[in-house]
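Numbering (my numbering), first residue to last: 35 to 323.
Ideal Cβ placement from N, Cα and C applies to all residues, glycine included.
Structure first, commentary second.
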């Protein structure tokens with residue numbers, strides 16, 4: 035028996051390109067070159083999401099499809115999977131989860147608007163994970179590092195659905211830079227997860243954060259052999275300080291560290307030395323790496 039998870043469409047599928055980013059990442063192979071900045075187009079991709087029926091509709095009608103899809107899941111699938119005392123809690127919980135995507139999981143914050151216990155909210159989150167609507171990303175740790183934050187991150191399962199629940203279109207999202215940054219990190223994680231599902235080698239996904247505030251948004255581990263880090267920035271420029279978390283991850287991983295890359299909404303793909311690179315975020319689905 036085999037279970038195959040069908041993810042929403044990846045950007046490389048939509049562009050009809052063969053993905054090469056993960057191979058380039060673990061090989062530490064990012065050549066210096068220039069690419070066109072995405073700008074507001076990146077917000078459009080985030081808002082569109084990856085569900086084929088939504089993408090087949092005009093942009094103005096996609097939000098309605100996403101909301102109807104969520105209602106159908108809550109009314110049908112949730113009843114089949116578990117006995118929920120109050121189904122109207124789930125849409126509200128999903129909207130809160132969408133607003134907190136890519137953040138450290140805070141069950142107390144999620145539970146505060148409801149007249150239910152933290153244990154119940156945890157059960158609801160587990161249900162939403164089984165429905166592939168949210169996922170928890172565990173923290174990466176090493177026995178040599180004792181000052182790491184052990185809290186998982188919460189990510190929404192599709193950025194198009196998240197934007198529909200939050201009531202934001204591409205213009206509003208691009209103008210709201212904090213929310214844009216949150217959803218861009220989730221967008222990147224989802225793209226990498228979808229690409230990883232096609233590879234022969236299993237990959238595990240984590241995040242890294244220490245108690246000094248240094249963090250790496252996405253840590254990808256290839257068994258016991260190697261790992262790589264991906265930091266996501268919504269900005270159009272990259273500075274040395276953007277590599278702080280990746281440098282700490284490199285030190286903690288030792289010889290297992292393959293490479294680290296800062297993905298940003300800029301134009302230049304370049305090396306920053308020591309296996310660290312900056313690359314335009316379109317390198318996720320275009321052959322510029």
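query, result
"Can you give the Cα-Cα distance for residue 259 and residue 290, rounded to whole angstroms?", "6 Å"
"Could you check which residue in 321, 36, 262 and 243 has the C-alpha nearest to that of residue 186?", "243"
"Buried or exposed for residue 66, please, with buried defined as at least 16 other CB atoms from any protein chain shown within 10 angstroms of its CB.", "exposed"
"According to DSSP, is residue 305 helix, strand or coil?", "strand"
"Using a threshold of 8 Å, state whether the C-beta atoms of residue 163 and residue 152 are closer than that.", "no"
"Counting along the chain, where does the beta strand (DSSP E) carrying residue 294 start and finish?", "291-298"
"Would you mind working out which of 166, 69 and 41 sits nearest residue 320, comparing C-alpha positions?", "69"
"Do residue 42 and residue 97 have their CB atoms nearer than 8 Å?", "no"
"Within the same chain, show all residues whose beta-carbon is closer than 6 Å to that of residue 46, passing over the 5 residues directly before and after it, in chain order.", "53 and 319"
"Along the chain, where does the alpha helix (DSSP H) containing residue 229 start, and where does it finish?", "211-230"
"Check for me: the beta strand (DSSP E) holding residue 254 runs from which residue to which?", "249-256"
"Please name the residue, chosen from 104, 50, 250 and 218, that lies closest to residue 78 on a Cα-to-Cα basis.", "218"
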